[in-house]
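Here is the structure we will look at, set down as structure tokens.
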Amino acid sequence: MASLVEELGPSIKAGTVEEAASADIVFAAVRWVDVEKVFTNLPAWNGRIVIDGTNPVEFIDPNSPDATDPSNPLAAYGIKAVDLNGKHSSEIFHQFVPGARVVKAFNHLDVNVLKEPEVASGKRVLFYSGDDAAAKAEIRKIIKDMGFAPVDLGALDVGGPLASLPFGPLSAQNFIRI
């Protein structure tokens with residue numbers, strides 16, 4: 004880890020999960036199967052902001068039966084949807100960060116395109132949603148400062164499902180604001 008931190012530069016610091024979770028703004032970008040394990044038993048959130056960058060998908064082994072299951076429309080991508088019993092992923096995620104102000108963001112595009120916020124004479128659109136106006140304003144500023152075009156999708160229960168992989172109508176949509 005030390006060599007990676009050194010390679011990334013002085014603005015990066017290695018630390019424990021607990022240290023990372025103590026920041027004013029925490030970016031959760033973990034596999035769905037690890038959400039509960041990572042976020043259980045952390046210190047109280049006390050109104051701090053958590054960016055929910057998760058998606059309710061599970062990576063599948065290419066040699067498993069799931070990889071060729073005709074009922075899995077996502078098998079070609081090496082993933083399958085996690086059954087959330089009719090709930091939205093952010094609703095479940097929020098249960099693991101009680102007291103946090105959750106903003107859903109950075110989850111609808113392939114991670115490989117995030118390194119290029121400005122393309123084709125425009126800015127790549129990043130969707131975000133949440134229930135706390137001040138928290139959303141903070142995340143909007145971060146998105147904008149990174150060079151993206153932020154688009155507010157409204158409340159978490161409305162905007163979250165719109166942009167969540169794998170089945171949200173805005174998921175994987177790569178819009179450019181010109």
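Per my numbering, the sequence shown starts with residue 4, numbered consecutively. Backbone N, C-alpha and C fix where the C-beta goes; we use that ideal spot for every residue, glycine too. Here the structure is a predicted model, which means the values were calculated and not measured.
query	result
Report the partner residues of G133 according to the DSSP bridge assignment.	V106
Is V70 helix, strand or coil by DSSP?	The residue asked about is misnamed: residue 70 is Ala in this sequence, not Val. Here A70 sits in helix by DSSP.
By the three-class DSSP mapping on this structure, what secondary structure does E121 have?	strand
Looking at S167 and N58, is the spacing between their C-beta atoms short of 7 angstroms?	yes
Who pairs with V53 in a beta bridge, going by DSSP?	V29, V105
In this structure, how does DSSP classify R127 when only helix, strand and coil are distinguished?	strand
What's the call for A108, buried or exposed, on a 16-neighbour Cβ count within 10 Å?	buried
Quick check: the Cα distance between L7 and A26, rounded to an integer number of angstroms?	21 angstroms
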